[in-house]
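**Q** Residues 1 to 346 (our numbering) make up the sequence shown, in order. Just so it is clear, CB atoms sit at the ideal spot from N, CA and C, and this is done for glycine as well.
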Amino acid sequence: MSDAEREAQWRRWRSVADLYHACFTGLVLTLVSRRGTPGAAEFVFRVFRRQQQERFVAGLAKLGIAHLPPAVAAAQYHYLSNWIGGVHVEYMHESDRKAWIRYPPPRWIWRGTAICGVPSEVSKAMLRGWHGNNGVALGHPSLGFVCTKQSVDGQDGLEGYYYDYDHPLELDQRVVFARHLEAPLFDAAQAPALPVESWPRPRLEKAYRNYAMEYVRTAAPVAVQLFGPVDASYLLHLTGKLIGMQSYDDLAPGLGETGRDAAGFARLLQALLAAQDDAVDLQRAGGGFELRQSGWKLMDGVADAHPVCVRMLEGLVEGLAAACGRRIAVGLSQPDGPASLLWSVR
Numbered sequence: 001m002s003d004a005e006r007e008a009q010w011r012r013w014r015s016v017a018d019l020y021h022a023c024f025t026g027l028v029l030t031l032v033s034r035r036g037t038p039g040a041a042e043f044v045f046r047v048f049r050r051q052q053q054e055r056f057v058a059g060l061a062k063l064g065i066a067h068l069p070p071a072v073a074a075a076q077y078h079y080l081s082n083w084i085g086g087v088h089v090e091y092m093h094e095s096d097r098k099a100w101i102r103y104p105p106p107r108w109i110w111r112g113t114a115i116c117g118v119p120s121e122v123s124k125a126m127l128r129g130w131h132g133n134n135g136v137a138l139g140h141p142s143l144g145f146v147c148t149k150q151s152v153d154g155q156d157g158l159e160g161y162y163y164d165y166d167h168p169l170e171l172d173q174r175v176v177f178a179r180h181l182e183a184p185l186f187d188a189a190q191a192p193a194l195p196v197e198s199w200p201r202p203r204l205e206k207a208y209r210n211y212a213m214e215y216v217r218t219a220a221p222v223a224v225q226l227f228g229p230v231d232a233s234y235l236l237h238l239t240g241k242l243i244g245m246q247s248y249d250d251l252a253p254g255l256g257e258t259g260r261d262a263a264g265f266a267r268l269l270q271a272l273l274a275a276q277d278d279a280v281d282l283q284r285a286g287g288g289f290e291l292r293q294s295g296w297k298l299m300d301g302v303a304d305a306h307p308v309c310v311r312m313l314e315g316l317v318e319g320l321a322a323a324c325g326r327r328i329a330v331g332l333s334q335p336d337g338p339a340s341l342l343w344s345v346r
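(1) Spatial neighbours of Gly157 within its chain, please: C-beta separation below 7 angstroms, excluding the five flanking residues on both sides.
(2) With distances taken Cα to Cα, identify the nearest neighbour of Ala262 among Gly256, Phe289, Asp187 and Thr239.
(3) What alpha helix (DSSP H) runs, 4 residues minimum, are completely inside the stretch 233-282?
(4) Look at Leu169 and Gly144 and say whether their C-beta atoms are less than 8 angstroms apart.
(5) Between which two residues does the beta strand (DSSP E) containing Gln190 stretch?
(6) Taking Asp164 as part of the beta strand (DSSP E), name the residues at either end of that continuous run.
(7) Out of curiosity, what's the CA-to-CA distance linking Ala232 and Arg6?
(8) On the criterion of 16 or more Cβ atoms from any shown chain inside 10 Å, does Met1 qualify as buried, or is it exposed?
(9) Under three-state DSSP, which class holds His93?
(10) Tell me the rounded alpha-carbon separation between Gly301 and Thr218.
(11) Using CA atoms only, rank isn't needed, just tell me which of His93, Tyr163 and Ala17 is closest to Asp187.
(12) Would you say Arg174 and Gly135 are within 8 angstroms of each other, going by their C-beta atoms?
(13) Run the CB neighbour count on Pro221, radius 10 Å, all protein chains shown included, and call it buried at 16 or more, exposed below.
(14) Can you tell me whether DSSP reads Ile109 as helix, strand or coil?
(15) If distances are taken between C-alpha atoms only, which option among Val317, Ala323 and Arg12 comes closest to Asp249?
(16) Any chance you could list the beta strand (DSSP E) runs of at least 3 consecutive residues sitting entirely within the stretch 123-163, in chain order?
(17) What's the C-alpha gap between Leu282 and Cys309?
(18) For Arg107, is the classification buried or exposed, using 16 other Cβ atoms within 10 angstroms of its Cβ as the cut-off for buried?
(19) Answer yes or no: do Leu236 and Ala266 have a C-beta to C-beta separation smaller than 8 angstroms?
(20) Which whole-angstrom value describes the C-beta separation of Val28 and Val146, a residue pair presumed to lie in contact below a C-beta threshold of 8 angstroms?
(21) Should the stretch 45-52 be regarded as contacting the stretch 63-80, the criterion being three or more beta carbon pairs within less than 8 angstroms?
(22) Could you give the distance in angstroms between the alpha-carbon of Pro70 and the alpha-carbon of Tyr91?
(23) Can Ser120 and Asp172 be called in contact, C-beta distance under 8 angstroms?
(24) Compute the Euclidean distance between the alpha carbons of Lys241 and Phe177, then round it to the nearest angstrom.
(25) Could you check if Asp249 belongs to the surroundings of the ligand ATP, using beta carbon to heavy atom distance under 7 angstroms?
Laid out in C-alpha cells, this is it:
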C-alpha cells in the first residue's frame with residue numbers, strides 16, 4: 001500500500017470514528033429527551049460499567065502499567081486509553097496513593113452543543129459505572145475516586161483523583177465529590193507515553209476508529225436489555241436516522257464518495273461498510289443497486305446481541321440516504337438470517 005493509499009484509509013477510519021462517536025452521544029441525548037434523566041443515567045451507568053469490566057484489567061496489561069500502584073495505574077489507564085481514542089485528557093501524579101486525571105474542554109464525549117443537553121446525573125453515572133469500580137476490579141477495595149469538577153455543571157472540565165484510603169470503601173464511598181479542590185497543572189513532559197515501537201501509527205489509527213465504534217458495540221445491547229427489544233428498536237433506529245441525516249456532509253468527503261444520486265450513495269455505503277471492516281459486495285439490480293453485507297462485524301462475539309441492535313445501523317443508513325438525496329430509497333432485509341444483510345438502493 002502506497003503512502004497516499006494509507007493516508008486515504010486513515011481518513012476513512014477517522015470518518016467512521018466520528019460517525020459512531022456521534023451515534024453514541026446522540027443515543028444518550030435521545031434517552032434524555034424520550035426516557036428522562038433517570039433512564040439515561042441508568043443506561044450510561046450500565047454502558048460504562050460493562051466497558052470497565054470488559055477492558056480495564058486487560059487494558060492495564062496491554063498498556064504495560066499493571067505493575068504500578070493502584071491509584072497510579074488507574075489514572076494512567078484513563079490517560080493513555082483516552083489519548084489513543086483522541087480524547088483530550090491530562091494526568092498529574094501527586095503520590096503513589098494519589099493521582100489525578102482531567103478532561104479539559106472541549107469534552108470529547110459531549111461534542112459541540114451536545115453538552116448542553118447532558119444532565120449532571122448522567123455524567124455522575126459515568127463515574128459510578130467506571131471510575132468507582134476500578135478498585136474493586138483490581139482487588140483493591142480501598143481505592144476510590146474523588147471528583148472535583150464536572151463540565152456539564154459549567155466547570156472548566158471533568159477532573160478528579162484516584163486515592164488509596166488504606167481501608168475498604170463502602171459502595172457510596174467509591175465516588176465522592178470535593179468541588180472546593182483544584183487539580184494541579186498538567187505537565188506533558190511528566191506524563192506517561194506509549195512505547196512507539198509497539199504502538200506505530202497504523203495501530204494507533206485503527207485503535208482511534210475502534211475506540212469510538214466500541215461505544216456502539218456496548219450501547220446497543222445495553223439498550224435492549226434495559227428498555228426491552230420493542231422500545232430499544234425505536235430508540236436505536238431513531239437515533240441512527242437523526243445522526244445519519246446530520247452527518248452526511250461531513251462523512252462523504254472523508255469516504256471519497258460525494259455523488260448525490262443512487263449510484264453515488266451505493267458507493268458511499270460500500271465505502272462506509274468496508275471502512276468498518278465489513279465484507280460487502282455491490283451489484284446492479286433492476287433499476288438500482290444491491291449490497292450484500294456479511295453480517296455486522298461490530299457485533300461479532302457479543303453474547304447478548306439481540307437482532308434489533310442492527311436497527312441503529314439501519315437508521316444510520318436511512319438518514320445518510322435522506323441527506324444524500326431526497327428521492328433515494330434504502331431498504332434492508334436479512335434473507336439468510338442475521339449473518340447477512342442485504343441493502344437495496346433505488
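**A** So, from the listed chains and residues:
(1) Counting from one through the sequence shown, the residue named residue 157 turns up at place 157. Contacts found: Arg102, Tyr103, Pro104, Pro105, Lys149 and Ser151.
(2) Within the sequence shown, numbered from 1, the residue matching residue 262 stands at position 262. For Ala262, the nearest C-alpha among the options comes from Phe289.
(3) 262-275
(4) Along the sequence shown, one-based indexing puts residue 169 at 169. Along the sequence shown, one-based indexing puts residue 144 at 144. Taking 8 angstroms as the Cβ cut-off, Leu169 and Gly144 qualify as a contacting pair.
(5) Residue numbering aside, residue 190 sits at position 190 when the sequence shown is read from its first letter. Taken as a continuous stretch (DSSP letters only), Gln190 belongs to no beta strand (DSSP E), as it is neither H nor E.
(6) Along the sequence shown, one-based indexing puts residue 164 at 164. Element bounds for Asp164: Leu158 to Asp164.
(7) Counting from one through the sequence shown, the residue named residue 232 turns up at place 232. Counting from one through the sequence shown, the residue named residue 6 turns up at place 6. About 38 angstroms.
(8) Position 1 of the sequence shown holds residue 1. Exposed, since its Cβ has fewer than 16 Cβ neighbours within 10 Å.
(9) Stepping through the sequence shown from its first residue, residue 93 is reached at position 93. His93: strand per DSSP, three-state reduction.
(10) Here residue 301 is taken as the residue at index 301 of the sequence shown, counted from 1. Here residue 218 is taken as the residue at index 218 of the sequence shown, counted from 1. Using only the alpha carbons, I get a separation of about 11 angstroms.
(11) Position 187 of the sequence shown holds residue 187. Per the Cα distances, His93.
(12) In the sequence shown, the residue the question calls residue 174 occupies position 174. In the sequence shown, the residue the question calls residue 135 occupies position 135. Yes, the pair counts as a contact, with Cβ atoms nearer than the cut-off.
(13) Your numbering for residue 221 matches position 221 in the sequence shown. Per the 10 Å Cβ criterion, buried.
(14) For the purposes of this step, residue 109 is taken as the residue at position 109 of the sequence shown. Ile109: coil per DSSP, three-state reduction.
(15) Taking the sequence shown and counting its residues from 1, the one referred to as residue 249 is at position 249. For the residues Val317, Ala323 and Arg12, the minimum Cα distance to Asp249 belongs to Ala323.
(16) 143-149
(17) Here the question's residue 282 lines up with position 282 in the sequence shown. Here the question's residue 309 lines up with position 309 in the sequence shown. Computed Cα separation, rounded: 23 angstroms.
(18) For this step, residue 107 is matched to residue 107 along the sequence shown. It counts as buried.
(19) Position 236 of the sequence shown, counted from the start, is the residue given in the question as residue 236. Position 266 of the sequence shown, counted from the start, is the residue given in the question as residue 266. Not in contact: Leu236 and Ala266 (Cβ atoms no closer than 8 angstroms).
(20) Walking along the sequence shown from the start, residue 28 turns up at place 28. Walking along the sequence shown from the start, residue 146 turns up at place 146. Not quite, the Cβ-Cβ distance comes to about 24 angstroms (not below 8 angstroms), so this is no contact.
(21) no
(22) Indexing the sequence shown from 1 puts residue 70 at position 70. Indexing the sequence shown from 1 puts residue 91 at position 91. Looking at the two C-alpha atoms, the distance is approximately 15 angstroms.
(23) To locate residue 120, count along the sequence shown from 1; it is residue 120. To locate residue 172, count along the sequence shown from 1; it is residue 172. Cβ atoms of Ser120 and Asp172: not closer than 8 angstroms.
(24) In the sequence shown, residue 241 corresponds to position 241, counting from 1. In the sequence shown, residue 177 corresponds to position 177, counting from 1. Computed Cα separation, rounded: 37 angstroms.
(25) With respect to the ligand ATP, the structure shown offers nothing to examine, as it has no ligands at all.
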